[in-house]
Structures are given as C-alpha cells and as structure tokens.
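>
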Amino acid sequence: MPSPSFGRNFSFIVMKSMLFILVAALIVSCQEKKELEIKPKKNTLFQEISSETTGVDFSNSVEASKKLNLFSYMYFYNGGGVAAGDLNGDGLDDIYFTGNQIKNRLYLNKGGFEFTDITNNSGTGGDENAWYTGVTFADVNGDGKLDIYVSQIGEILGNNGHNLLFINLGNDENGSPKFKESANELGLTVKGATTQTAFFDYDLDGDLDAYIMTHSNFNDGVLPRAEKRLISSPYGDKLFRNDGDKFTDVTKESGIYSSPLGFGLGISTADINKDGYPDIYIGNDFYEDDYLYINNGDGTFTEDLESRLKHTSRFSMGNDIADLNNDGLPDILSLDMQAYEPEILKASHGEDSYAIFNYKLSFGYQHQYAHNTFQLNRNGEHFSEIARLSGIEATDWSWSVLANDFDMDGQKDIFITNGIFRRSNDMDYMQFLSGDEVQNQLRSGNYDYSEALTDKMPSYPLQNFFFKNNNDLTFSNKSTEWGGTKKGFSNGATYTDLDNDGDLDLVINNLNEKASILKNNTLENDSLNKDYLRIKLSGKPGNAFGIGSKVTLKNKGQKQYQELLNVRGYLSSPPPYLNFSVAKNTVIDTILVQWPNKEQTILTDVASGQILNIAQENTSLLKSETGKKSETLFTLVNNSELNIDYRHEENRFYEFNREHLIPHMNSTWGAPIAVGDLNNDGLDDFFVGGALNQSSEIYLQRSNGKFVQSTSKALKTDSASEDTAAEFVDVNGDGHLDLIVGSGSNQEIKPDPKSLTRLYINDGRGNFTKQGNFPEIYTTVSDLAIADFDKDGDSDIFISSRSVPGKYGSSPDSYLLKNDGKGNFTIDASSQKLYEKCGMVTSAKWVDLNGDDWQDLVLVGEWMPIKIYYNSNGHLSEANPEANSLQLSNGWWNTVEYGDFDNDGDIDLVAGNLGLNSKLRATEKGPVQMYYADFDKNGWPEGVTTHFIKGKEHVFSSKSLLEKQMVYLRKKFSTYSAFAQADFKEIFLPEELNTAKTLKAYEFRSCFIENLGNKKFKLTPLPTIAQFSTVNAIHKLDFDQDGKLDLLLGENFYDANTELGRYDAGYGTLLRNMGGGNFKETPTTQSGFMLDKQTRHIKTLSNKKYGKLLVISNNNDSLQFYRTSAQ
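Residue numbers (numbering that gives the first Met the number 0): 0 to 1126.
1) If you draw a straight line from the C-alpha of ILE610 to the C-alpha of ASP500, how long is it?
2) Once you ignore the five residues that flank TRP939 on each side, which residues in its own chain have a CB closer than 7 Å to its CB?
3) Report the three-state DSSP secondary structure of ASP93 (helix, strand or coil).
4) Looking at GLY483 and ASN463, is the spacing between their C-beta atoms short of 8 Å?
5) Would the stretch 868 to 876 and the stretch 980 to 995 be scored as touching if the rule is three or more Cβ pairs under 8 Å?
6) Tell me the start and end of each unbroken beta strand (DSSP E) in the stretch 998 to 1052 that is at least 3 residues and wholly inside, in chain order.
7) With 16 as the cutoff for other CB atoms within 10 Å, does GLN557 come out buried or exposed?
8) Return the chain-ordered ranges of every alpha helix (DSSP H) run that is complete within the stretch 633 to 694 and spans a minimum of 4 residues.
9) Could you check where the beta strand (DSSP E) with ARG533 kicks off and where it finishes?
10) Which residues bound the alpha helix (DSSP H) around TYR290?
11) To the nearest angstrom, how far is it from the Cα of ASP1054 to the Cα of GLN430?
12) For the candidate residues LYS251, ILE293, SER257 and LYS753, whose alpha-carbon lies nearest to that of ILE271?
13) What does a CB cutoff of less than 8 Å around PRO460 pick up in its chain, not counting 5 residues either side in sequence?
14) Would you grab the beta carbon distance between MET863 and SER802 for me? Rounded to a whole angstrom, and I think it's under 8 Å.
15) Within 10 angstroms of the Cβ of LEU207, are there 16 or more other Cβ atoms? Answer buried if so, exposed if not.
16) Taking C-beta to C-beta, are ILE48 and VAL506 nearer than 8 Å?
17) Are the CB atoms of TYR280 and ASN318 within a distance shorter than 8 Å?
18) What are the boundary residues of the beta strand (DSSP E) that includes ILE507?
19) Given this structure, state the Cα-to-Cα distance separating ASN1115 from GLY390, to the nearest angstrom.
20) Helix, strand or coil, according to DSSP, for MET212 in the structure here?
21) Report yes or no: do three or more beta-carbon pairs, one from the stretch 192 to 207 and one from the stretch 144 to 161, lie closer than 8 Å?
22) Do LEU532 and GLY545 have their CB atoms nearer than 8 Å?
23) With a threshold of 16 other CB atoms inside 10 Å of the CB of PRO540, please say whether the residue is buried or exposed.
24) MET429 lies in the alpha helix (DSSP H); which residues open and close that run?
25) Taking the alpha helix (DSSP H) that PHE356 falls in, what are its first and last residues?
26) Assuming contact is defined by CB atoms lying nearer than 8 Å, are ILE739 and TYR698 in contact in what I supplied?
27) Just to confirm before moving on: does the CB-CB distance between VAL1030 and ASN1102 stay below 8 Å?
28) How far does the beta strand (DSSP E) with LEU401 in it reach, from first residue to last?
29) Thinking GLU384 and ALA1064 are a contact (beta carbons under 8 Å), I'd like their distance in whole angstroms, please.
30) Hey, SER121 and SER181 are a contact pair by Cβ (cut 8 Å); roughly how many whole angstroms apart?
31) Less than 8 Å separating the beta-carbons of LYS513 and SER50?
32) Could you check whether the Cβ of ASP782 sits closer than 8 Å to any Cβ belonging to chain B?
33) Which of the three DSSP states is assigned to ASP1054 in this structure?
34) Under the assumption that ALA386 contacts ASN376 (Cβ atoms under 8 Å), give the Cβ distance between them as a whole number of angstroms.
35) DSSP three-state label for ALA713, please.
36) Around the C-beta of LYS467, are 16 or more other C-beta atoms found within 10 angstroms, so that it is buried, or is it exposed?
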C-alpha cells in the first residue's frame, strides 16, 4: 500500500488516493449604569458582562496575508490563551491575554468587574511581530509572587523571538505590578514552536520545574513510523529542571520525547496514579499518539499510554485532569473535532477507513478516534473511555475544556470552547483542494494565496458548551440554559472568581472578536442554599502557592478531590486556589491537604462560606503513610502455574471489505470453552476452541492442580474450522462426556465443511472420535443449548445461528436437534418452522420460566426482542412479545443468563447488550433502525443503518461509505453539502424504504429481566458501569456467600466500524446482588478482576490446588484464571 498523507491543515500535501488533509477602553463611570449592566439575569447561570462595563476590550484579531496564512502556518486560526491570578496582592484576580498578530494585554482587576489595562506600564505586551500562544501564571523564581510565562511560535514563522518570562518585581507606588523579562537569564528559551508551558515540581525538591510543549511543522505529507518519536529534535518538547538560579534542560535523561512527531496542543500535570509524584499528559494533534508520562520518582518518566488507555482522541486539542465522579481519582478529558450538528458532521471529514486505521496501527500508532474522550480512572493504573456514555463526545472543533463545579452542587461540570474560523476538514473543500491545479501548486510551494482559495472554506460561528454533571457519570447539555447562546470562535479560557463572591466566573479569548467575561450568578441566588469554601495554600519557599498539592474534602460520607495545577484547558492558566461547593452553613467534617513533598495537613470542623488559608510551615504535619494495596476478592493465577500456554489467534478477515455498511464484524466471537471431567478421574478438565486454521485444545487436570495438553487427532484434523461454541454432554448414555463444537467464521458465502457443527464421542479416557452421521448444518453458530426438552431421558441440542455470511441483516436458520438416546441426532421437524429465520440469534438458554417443570427456550440476538418459546409437554411455541411485555426489548443482545436473582422463587434473566458507550443511541421513540434491501439493484442486499438526532431520522454512515456500497449515490449527490442537507427520505426513495425489511433496536442497555409471574417480565437496566462496553459473557456466582446470586460480566468488542469505534471500556464488572434484583458495582480495586481484553466466555472449574477457578476466554488473546483470595 502506498503511504497515505495525513493531517487536516494545508501545509500537508493532499494525496488524491486518500482524499485526506493532514493537513484603551471605555470605562463606564456612572455607578447606576454599571449596576444595571451587572444585575443578575434570571434563568441563566452565567451572564456576559460587556466590554463597556469591564474595560476589557482585547480582541485577538488575525488577518491572513500572502506571506502568512493557513497555508504557510497550519495553526493560523488556533487562537490565544488567557491567565488569571492576583499579580499585585490585592486579593483580586487579574487577567492576561495572548495575541497572535497583536500585542498581549494585561488587565488589573479594580473590583466590581472593572479592569484597567496596564500592559504598557507593566511592560508585558511582548513583541508586535511575534505570534504568542499559551500563557501561565506561576511563581517561577520562588519569591512568593506570580510571574508570567508566555509561549510563542518563534522560528517557524521566521522571527527570532523567544518565549517570554516576566518576573514579578512587586508593585509600584500605585499598586501596579512591575515586571522584568528574564527568560534568557533563567534559561527558559527554546527553538521550537511553543504551544504552552506547565510549571510543576516533578522531582519534589521544593521548586517549580517546567515542561515546554511544542508543536511540529513536519509536513512532507508521508506518514512516518511511530519510532521516529525516539529521535530528538531541537524543536521538540523540553523538560527543564529548576536548579535555583537557572533552569537546566533534562529532556533526554528524563525520558521525555522531543521529536518532530509531536503536535502538542494540550498539557496537564497531575498525579494520575496517586503515588505522590506528578505525571504528565500531552495531547497531540494529527497522527501522533498522546503521551502519558508516568513519573518514576527518580527524575525520570516512562511513557505508558498504551498499557493504561485503550484509545484516545485523534486530533487531540486541549485537555484537563479532574476527579469527575468524586471517587478521589483524577480523570482525563481531551477534546477533538466531532461535530454535534448532523448537517456539519455529514459534510466534514470523519474517521479513517478501516484500512487506513489499521495501516496506522501497523506503523506503531495507537487506537485513535476523532471525538472527545473522557478517560475514567478505574484504579490509578487503568482507564475506561466513556465520553459517549457521558454525552460529551461531540462538541465540534473544540479547544479548551475546564472541569469545575460551576453550579455549586458538589459535582464538577464541564465548560468547552468551540469554533474554527476556517473549516479545513470540510469534505467539499477537500475535494476542491485535491484538484490537479491546486495540488500542483501545493506540491511546488508556489500556491497563490487568494480570497478565491480561502472563501471556499466554510466558516461557522459556534456556541460554547456547558455540561452539567448528573452525578451518575452522565452530563446534560446546559449550554443555552446556562448562558452560552452567543456564537463565535473561542479558544483559550480559564475560570476565576473575579468578584470574590465564591462562585467561578469565566474568561474567554475569542478570535476576531472581543474577549468574553462571564459572571457566575449561582451564589447570588439565596434560594439555592449553596455555599463555597475556597482554599488558598501557603507552601514552603520555592513553591509558595503549593502547586501540585492535593486537597480532599470529606463531609457526611461524601468526598471531593482537587489538585492545584497552574495549566488547564488550552493555552491557559487558572488562579492558584481551589474552590469547593457545599450546602449553606455547612460545617465540613475533614479537610486533608497532601503537600507536594508528601506531607499532609488535616483540619476538622471547618465552616463553609470562607476563604481558608492553609500554611504548610505553620501546621502540624504528618508524614503520609505508604499505602498498602488491600486484599482483593479474587486473585489472578498465572497461566504458567497451571502449565497452560494456550493463546487464541484470530485470523484477519476484514468483513468491512465485503460489506462496507455493517456496524461490526461477526467473525471474531471465539474462543469457546467447555468444562468437565473427561477421563473420569474426578478432576475437571477443559476444552478451548481455536480460530480459523488453529487447532482447538483439551487440557487434562492432574492431581497437583496443573494441566497437561491432550493430543487429539480428531480436533487437529478439524483445525480449519473456527470454533465459536462448545459444550460437554453425554449424548449416548455411556457415562462419558462427549463434545459438541459449533463453528462460526462468517467467511464462507457458500456451504463449506469448515462451517459444520461437529460431535466428538469420548471413549471415557479423554480420547475423542468424530461422529460421522451428525446432521450437516452449515451456519455461523453462536451458541449451543443442551437440555432434555422432551423428557425422553437424553440430551437434545439447540444450535443458534448468528448471521448469514455476506448478508448482515438477513436472518439465518437456527436448529433444534433431537437425540434418539444413542447419540444420533435429527432436526426436529415439528418445531423447525419456529426457528427458520428466527433472528440473528447470539445466545440461547433452556430454563423453566413458568414453573411447569418443562424447559422453555430463551433466545436473544441482534435486532431482536428477547424471545421466549414456552414448552408444553415437549412442544414449543413462541410467546407473543406484547403478552409478556417484551415487545420493546429489541436490542443488540450478546448473551443471556438465568437464575432467581430476586429470591422470589421464580427464574429471572440477565442479558448482555451493546451498552450505552456508543455513538448510536436507541429509545422507544428514537430507535436505531436498519433498512435491508437491494437498493442498488445488483442482486445483493445492503443494510442502511439510521438513528435519531433531536427527533429526526438520519442515515448513520458517511457519504463516502455509502458510495462504496452503492455507487449510484455519487451521481445523486455530487457534493457533501447536498448530501448533508438532504433528509433521509430524500437519500432513499419512499418506495425503496417501504419495501425494505426494517430491523429495529429500542434498547441498548444490559438489563435484569425480572420474572413477574403470569408470563410477564420487566426490564431494569443494570448499573451504569455495566453499560461501559458490550457485555458478551455473564457468569452467576454468590461471591459473598449471602445467598443471593451476584454477576460477573465479561466485556469488550474491538472489531467495529471505525465510525462507531471499538468497545473497550470494560475491565470485568463484578456486581453485588443487593436484593430485589438490585445490583451494585464492586470496584476493580476490591474485586481484583482485570478482564481488559475481549472476553467471550466465563466458566467455573474445580481445581485440586486452588479450589474453584474462574476460566475466562478472550478473543485473540490468552486465557485468564482467577481464584477467590480467601483460598
């Protein structure tokens, strides 16, 4: 494959084959007028204060020219930053803005939202010819005063300027701060194009060090291999150690990447793993991975993103680290560019094709998707990305993200700035740009910058976003309700309490428009019964503001955790204090401060409604104890201890090349496992199935608890089959467990022996012979359900089928096989009509649901309701879904389990579904649908998936993907804009839709299905954590021995369409049964489970050494074994 080009800005060459671009203020003196301006607005949390009132008239105005434009500098419209903090010690936060083509501005806060421009007097404006980006307020020289560090582009734009460090010299006689520029003097200048700089004490020596984040100008149009990040460049990121009177470059010896691959746009420093040392998160634009540097505590860092995060944003912008669910662990927010308006989304470049996505992986890059990410910290070591479940994944071209409690309810909310002046990812523009004439100019560097070239790029002003934290890991969009109706192009932003009323205001640096100051009115509403506690820290000399300190507020069983950082969001810096929210007149139980040197301060019975100053040197200090990991409920048993070296090796078959529009592949559902005593020695043995051209294996247990691999010629002979289901059962009544194996590669369009279900007869010693007269059933097997459904004394088999190869959306046949008692099976003719095209069945269980002592059959599957076939004296009939209240249970179900989970005497069900962490959302009024028909009249049907957004039905797939499957659409919609504006029923004709088979899904949540009696059922969603990912396996167990059945969920599925993204947020969810069918999460830190792979099956096995073992099979990975820790 030729090397594709990557990027979204125009200094990157567009390759036709991929069509992809990497591509002085008027102050109102009248007091009455000012009070009128600032009178709180009703019904909005924030109100914008006019520049006439504030005196803040800064506008980051940029104007393209022939010399300097988006073509010569790809980040031309990326904007500037803002910092807030008290520079003159008067107790009021001052504001500093950076400008790209104009001088920076410093405004002194005079109170009452009135500011004075002191830029010229303070000498902090910078060079008019420089291009400034980020700004940080930090006490760089350790004298107890906030200094100003300003980042700039420098050599990329052809100027010899450098980053600026304005050392705060104290106030003049008028109380105005004076500064001295000292970047060269202190050694804090770099050659690279600096985006932002963070000051933090990485080596815990008591002073602030500096990480200078830069962005590359690498633009040769060819995707480099990821190992290029190991090559140092003078223009890459830099880490500087504070040595007192000078900063020393320690980048190389510290393990920090400083390569041309870095496109750093976001930086956060926080103690990610809670070991007392600050770590670093770098958000990189374009193809380069984000970096997660874990502090080793010895002056070095280890970049460890791959082992901790399953996927990241693709075009990573600003980021923030904060505890969003009040569990005491810092979570990571990172922004991207996914549009929230369907019309913009469909006209914009989206995800990579599956081929390019895998091409990048082959070059060493990690999994990246073009949407915002919310990395939920699970245990300090591993994260679950749940932005889609949380409802914050799409905020368009976003820059700054700030997490704090804006509505003062004790939960951190989210603010996001938004907008790009020229949308270079517009697909129509990208097609125009890929034309030969423009391409030749771009390649030669002789392009003609002109209005005609840039005017074709769309420019949509957008509103900024407010998300309210719902205290359940979800957020509600309150953008309009909270006062975010204004549209524009906003970049850097910071929160700060400009009027010292206790709630947090916002300051925003806008492009080509005056800066915004948003006043927070929360605490002015007395009826809300809310209050604040502001904590200001006085650290030891060298870190007077206590940067890097962690503060935990504990009150009445609730906890709030914050870490004091001086860089957040994008290009911006907040003031050095922490704001907490409590109810009015609260006396807070405990405040715990952990200082950067690992000392701690504990305060009790603290009153709210005050600014609390906590001094490190004047407080009784306790050394933090080194935390010991508490014992978990379950413990991993290494495979080597059991003498097991099996690893499932999935063959690479890309179904998306055959069916471009399918949401996911159906060929990666191995490996199945089955457990039983195969050689009659009283010990449990097990079978594990193989992938295509991989032999399945049998492991026999020995008296010491270890296993030996049994060589089976019959199994090796059938290694061409891809195993997806397996069960041990004595089919012929000889007392020996036989083996039935179902195949499901989903590859063979025509009947092929590899697709046959096989039966192997056991000789009693664990040796198996394939039975030759087993019915020839060619299908993609999903499950095998064994029961004596007709009570004739032998075991019968139900074979469920998942899909028809090459025809996703078509219902395959499933089969009920009757046993003659001797192990000879025939298809049950009397019931076969029931199972012909009964759905895309994924799981089947025999269970007596109505208490008549006959085994009923439960089926779940994709696009299916939960189906129940009641057994009446050996004759099965399908229950009416409306009669049993399951008519709206259609989902993408993967598995089902049964048990009396509410202890009421009847059998209930639990079913695993897609979950809620998906781009697709299904409800009764807004179902996900698939129209299945031969739209292009080529003799082969296609499935077109739709979903509802704001009550309107939209086709899910992009125009590019639809045209791959149905070429005729290229002529119907010659532009992406026309396609984006078209109604779904304009894309496809009514007569086409009316004749199409329509599949529906109303429910994507994994659920407890309560048996109400009288053949009625009620669906109740499992806890939110059970909705993080697909649930593929459910294992029932009473782990706490309280007489109630608990649940262990096996999760994750990777092979989804790239527009959906892989489902990888699960770690093995252990749910404790609280009674009455209510389940509660057991955190991974307590359960001990780390099922972070693609779990397919979970079984229990009795082991001679470890007692009960849980055996977990994973697709394309090794087996896992867990024992109870009490053993």
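Built from N, CA and C at the ideal position, the CB exists for glycine as well.
In brief:
1) Taking the sequence shown and counting its residues from 1, one reaches residue 610 at position 611. Taking the sequence shown and counting its residues from 1, one reaches residue 500 at position 501. ILE610 and ASP500: Cα-Cα distance of roughly 10 Å.
2) Reading the sequence shown from its first residue, position 940 is the one you call residue 939. For TRP939, where only same-chain residues beyond five positions count, the Cβ hits under 7 Å are ASP933.
3) Stepping through the sequence shown from its first residue, residue 93 is reached at position 94. Strand, per DSSP.
4) By 1-based counting over the sequence shown, the position of residue 463 is 464. By 1-based counting over the sequence shown, the position of residue 483 is 484. Yes, they are a contact pair.
5) no
6) 1006 to 1012, 1015 to 1020, 1030 to 1036 and 1045 to 1050
7) Your numbering for residue 557 matches position 558 in the sequence shown. So GLN557 ends up on the exposed side.
8) 638 to 641
9) Within the sequence shown, residue 533 is the residue found at index 534, counting from 1. 529 to 537 is the extent of the beta strand (DSSP E) around ARG533.
10) For the purposes of this step, residue 290 is taken as the residue at position 291 of the sequence shown. Element bounds for TYR290: not the alpha helix (DSSP H) but the beta strand (DSSP E), 290 to 294.
11) Counting from one through the sequence shown, the residue named residue 1054 turns up at place 1055. Counting from one through the sequence shown, the residue named residue 430 turns up at place 431. So the alpha carbons of these two residues sit roughly 29 Å apart.
12) Mapped onto the sequence shown, residue 271 falls at position 272. Answer by Cα proximity: ILE293.
13) The residue you call residue 460 lines up with position 461 of the sequence shown. Within the same chain, and ignoring the five residues on either side of PRO460 in sequence, the residues whose Cβ sits closer than 8 Å to its Cβ are GLY418, LYS486, GLY487 and PHE488.
14) Translated into the one-based positions of the sequence shown, residue 863 becomes position 864. Translated into the one-based positions of the sequence shown, residue 802 becomes position 803. The C-beta separation of MET863 from SER802 comes to about 12 Å, leaving the pair out of contact by the 8 Å criterion.
15) One-based indexing of the sequence shown puts residue 207 at position 208. It is buried - the Cβ of LEU207 has at least 16 other Cβ atoms within 10 Å.
16) Looking up residue 48 in the sequence shown gives position 49. Looking up residue 506 in the sequence shown gives position 507. Contact flag unset, no.
17) The residue given as residue 318 occupies position 319 in the sequence shown. The residue given as residue 280 occupies position 281 in the sequence shown. Taking 8 Å as the cut-off, the beta carbon of ASN318 is found closer than this to the beta carbon of TYR280.
18) Position 508 of the sequence shown, counting from 1, holds the residue named residue 507. 504 to 509 is the extent of the beta strand (DSSP E) around ILE507.
19) On the sequence shown, residue 1115 is found 1116 positions in, with the first residue counted as 1. On the sequence shown, residue 390 is found 391 positions in, with the first residue counted as 1. One C-alpha to the other measures close to 31 Å.
20) For the purposes of this step, residue 212 is identified with residue 213 of the sequence shown, where counting begins at 1. Strand at MET212.
21) yes
22) One-based indexing of the sequence shown puts residue 532 at position 533. One-based indexing of the sequence shown puts residue 545 at position 546. No.
23) Here residue 540 refers to the residue found at position 541 when the sequence shown is read from its first residue. Exposed, because fewer than 16 other Cβ atoms sit within 10 Å of the Cβ of PRO540.
24) To locate residue 429, count along the sequence shown from 1; it is residue 430. Taken as a continuous stretch (DSSP letters only), the alpha helix (DSSP H) holding MET429 covers 426 to 432.
25) For this step, residue 356 is matched to residue 357 along the sequence shown. Unbroken alpha helix (DSSP H) run through PHE356: 353 to 361.
26) As a working note, residue 739 is residue 740 in the sequence shown. As a working note, residue 698 is residue 699 in the sequence shown. Not in contact: ILE739 and TYR698 (Cβ atoms no closer than 8 Å).
27) Residue mapping note: residue 1030 aligns to position 1031 of the sequence shown, counting from 1. Residue mapping note: residue 1102 aligns to position 1103 of the sequence shown, counting from 1. Contact: no.
28) As a position in the sequence shown, residue 401 is number 402, starting the count at 1. Per DSSP, LEU401 belongs to the beta strand (DSSP E) from 397 to 403.
29) On the sequence shown, residue 384 is found 385 positions in, with the first residue counted as 1. On the sequence shown, residue 1064 is found 1065 positions in, with the first residue counted as 1. Sure, about 6 Å apart at Cβ, within 8 Å.
30) To locate residue 121, count along the sequence shown from 1; it is residue 122. To locate residue 181, count along the sequence shown from 1; it is residue 182. The Cβ separation is near 14 Å, so there is no contact.
31) Start at 1 with the first residue of the sequence shown, and residue 513 comes out as number 514. Start at 1 with the first residue of the sequence shown, and residue 50 comes out as number 51. Yes. Within cutoff.
32) In the structure shown, chain B does not exist; there is a single protein chain.
33) Numbered from 1 along the sequence shown, position 1055 holds the residue referred to as residue 1054. The answer is coil: DSSP assigns ASP1054 none of H, G, I, E or B.
34) Mapped onto the sequence shown, residue 386 falls at position 387. Mapped onto the sequence shown, residue 376 falls at position 377. Between ASN376 and ALA386 the Cβ distance is about 14 Å, and since that is not below 8 Å, they are no contact.
35) For this step, residue 713 is matched to residue 714 along the sequence shown. Note: ALA713 maps to helix in three-state DSSP.
36) Numbered from its first residue, the sequence shown carries residue 467 at position 468. Buried, since its Cβ has 16 or more Cβ neighbours within 10 Å.
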